Amino acid sequence: MANLPVNILIVDDVAHNLTALEASLASPEVILLVADSGTAALDLLLKHDVALAILDVNMPGMNGFELAALMRGSPRTSHVPIIFLTATAEDASRTFRGYEAGAVDFLYKPFDPRILQSKADVFVQLERQKRQLAAQLATTQQMLEANEMLMAVLSHDLRTPLGAVLASAELLMRTTTDEQVSGTAIRIKSSSLRMARMVDQLLNLARLQGGRLQLETRPVELAMLCKSIIDEFATREGGGRIAFTSHGDSTGNWDADLLSQAISNLVGNALHHGERGGAITVRVDVTAPGRVGLSVTNQGIIPADIFPNLFKAFGAKGVGGRPREGLGLGLHIVREIVHMHGGEVGVRSDEEGDTVFTVELPRTVTRAHGSLTGR
Numbered sequence: 009m010a011n012l013p014v015n016i017l018i019v020d021d022v023a024h025n026l027t028a029l030e031a032s033l034a035s036p037e038v039i040l041l042v043a044d045s046g047t048a049a050l051d052l053l054l055k056h057d058v059a060l061a062i063l064d065v066n067m068p069g070m071n072g073f074e075l076a077a078l079m080r081g082s083p084r085t086s087h088v089p090i091i092f093l094t095a096t097a098e099d100a101s102r103t104f105r106g107y108e109a110g111a112v113d114f115l116y117k118p119f120d121p122r123i124l125q126s127k128a129d130v131f132v133q134l135e136r137q138k139r140q141l142a143a144q145l146a147t148t149q150q151m152l153e154a155n156e157m158l159m160a161v162l163s164h165d166l167r168t169p170l171g172a173v174l175a176s177a178e179l180l181m182r183t184t185t186d187e188q189v190s191g192t193a194i195r196i197k198s199s200s201l202r203m204a205r206m207v208d209q210l211l212n213l214a215r216l217q218g219g220r221l222q223l224e225t226r227p228v229e230l231a232m233l234c235k236s237i238i239d240e241f242a243t244r245e246g247g248g249r250i251a252f253t254s255h256g257d258s259t260g261n262w263d264a265d266l267l268s269q270a271i272s273n274l275v276g277n278a279l280h281h282g283e284r285g286g287a288i289t290v291r292v293d294v295t296a297p298g299r300v301g302l303s304v305t306n307q308g309i310i311p312a313d314i315f316p317n318l319f320k321a322f323g324a325k326g327v328g329g330r331p332r333e334g335l336g337l338g339l340h341i342v343r344e345i346v347h348m349h350g351g352e353v354g355v356r357s358d359e360e361g362d363t364v365f366t367v368e369l370p371r372t373v374t375r376a377h378g379s380l381t382g383r
């Protein structure tokens, strides 16, 4: 559609003037819609979309100004650019009336055909660009619909067999006495859990990027939330080296489920990428009036080349020679969740050998930050 000819409407009650306009504007890129009166022009505008209207001012019955007023009053034609043509002597008040009627230009006869053609070419190209943008928007919409379909497959068709694999692995672990079978079952369970985390990350990313994830806020005590997540990690390898401290009132109105995911991602990142066997500290504190801070500290330094892509989706690589555990979405999702709450997330990796991720949240989320599309 972007390559189809563009319609231009020309209106004049004098036949030889229409002939001159047609000769000036003739082009393979243009279809000229010709009318010899305001009434005929309105009839054409009901049937065709036009990129430009060139109107003679002095016409019997309905003059150019009256035609322009009717065009501006209709949603279908209110956006159409108008160039007025007149054979009368140049008059400032008349020119002003033309611009007041919605004209983008006002030319006096006899006009230079090259000037008129140049002005018309501008609107022809603008129309082509508008069509291209519309086509791109349609393509993007199709991609979003395909993405939603993929997410539906991930959420249902993949989770179901994954659940069966996990259940089978756990059954083998409980019932077998063969060490080799038991070791295989443990590896199956570990790989299945890793795949499940990837599926969850992809689903959350799709919901975040699609702007369909809305906050469901309620009173939450951040310290208690962190403590419950750390208790969950205690059963995992290395979970016993996580220390927790809290100071001050850490209550606020937040989305507990989303914040739980963000905290879990930060703690899991520290366990996987921090120095092996090194201590991990989670701290909650009041950073300023009306704001609560969270920090997750682990031993180990993030290389300088990792920093620029640390919070980008699929961007972060492994640290310390270890490959990343999932798809590189964990920290990206943390940033998006924190931003949805109107907060800020940061990271520093100092010369003393520690890496610290910090989160600062307002106690109450403003309405503007209620979704990803609103910030």
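Quick note: the sequence shown uses the working numbering, first residue 9, plus one each step. All residues carry an ideal CB built from backbone N, CA and C; glycine is no exception. On a predicted model such as this, the values are computed, not experimentally measured, just so you know.
Asked	Found
Given Gly-248, which residues of its chain have a CB within under 7 Å of its CB, disregarding the five upstream and five downstream residues?	Ala-242
What is the rounded straight-line gap between the Cα of Gly-329 and the Cα of Ile-196?	In this predicted model, Gly-329 has a pLDDT of only 48, less than 50, meaning its place in the structure is not dependable; the value taken from the coordinates is given anyway. Computed Cα separation, rounded: 24 Å.
Can you list, in chain order, the residues of its chain whose CB lies under 6 Å from that of Asp-44, leaving out five sequence neighbours each side?	Asp-21
Within 10 Å of its beta-carbon, does Pro-89 have 16 or more other beta-carbons around it, so buried, or fewer, so exposed?	buried
Do His-349 and Val-373 have their CB atoms nearer than 8 Å?	yes
Looking at the unbroken alpha helix (DSSP H) that takes in Arg-343, where does it start and where does it end?	338 to 348
Check whether the Cβ atoms of Ala-193 and Val-292 lie closer than 8 Å to each other.	no
How is Ser-82 classed by DSSP in three states: helix, strand or coil?	coil
Would you check if the distance between the CB atom of Val-300 and the CB atom of Leu-274 is smaller than 8 Å?	no
I'd like the list of long-range same chain contacts for Ala-49, defined as Cβ closer than 8 Å, with 5 residues on each side in sequence excluded.	Leu-17, Val-19, Ala-43, Ala-61, Leu-63, Leu-75
Which class does Ile-123 belong to by DSSP, given the choice of helix, strand or coil?	helix
Just to confirm before moving on: does the CB-CB distance between Gly-81 and Met-67 stay below 8 Å?	no
Which ranges does the alpha helix (DSSP H) cover as unbroken runs of at least 4 residues, wholly within the segment 170 to 251, from first to last along the chain?	187 to 217, 230 to 241
Across the segment 161 to 176 and the segment 184 to 192, are there enough close Cβ pairs to call them in contact, namely three or more that are closer than 8 Å?	no
So Val-275 is in the alpha helix (DSSP H); what residue range does that whole segment cover?	264 to 281
Do the segment 144 to 161 and the segment 23 to 41 make contact, defined as three or more Cβ pairs closer than 8 Å?	no
Measure the alpha-carbon distance for Leu-53 versus Ser-126 and round it to whole angstroms.	23 Å
Any idea if Glu-359 is buried or exposed, counting beta-carbon neighbours within 10 angstroms, 16 or more meaning buried?	exposed
By how many angstroms is the C-alpha of Pro-316 removed from the C-alpha of Leu-179?	44 Å
Quick one: Cα of Val-132 to Cα of Glu-153, how far?	32 Å
Does the beta-carbon distance from Asn-15 to Ala-59 come in below 8 Å?	yes
By alpha-carbon positions, which one of Pro-13, Leu-211, Gly-72, Met-181 ends up nearest to Arg-139?	Pro-13
Per DSSP, Pro-370 forms a beta bridge with which residues?	Arg-299
The alpha helix (DSSP H) that contains Gly-30, what's its start and end?	Note on identity: in this sequence residue 30 is Glu, with Gly being the wrong assignment. Note, Glu-30: alpha helix (DSSP H), 23 to 33.
For a test of the three-state rule: what should DSSP assign to Asn-155, helix, strand or coil?	helix
As a quick exercise: from Thr-289, His-281, Ala-296, pick the residue whose alpha carbon is nearest that of Leu-318.	His-281
Locate the beta strand (DSSP E) running through Ala-43, then write down its first and last residues.	38 to 43
Flag this pair as yes or no: are the beta carbons of Ile-288 and Ser-357 separated by less than 8 Å?	no
Quick one: Cα of Val-130 to Cα of Pro-83, how far?	23 Å
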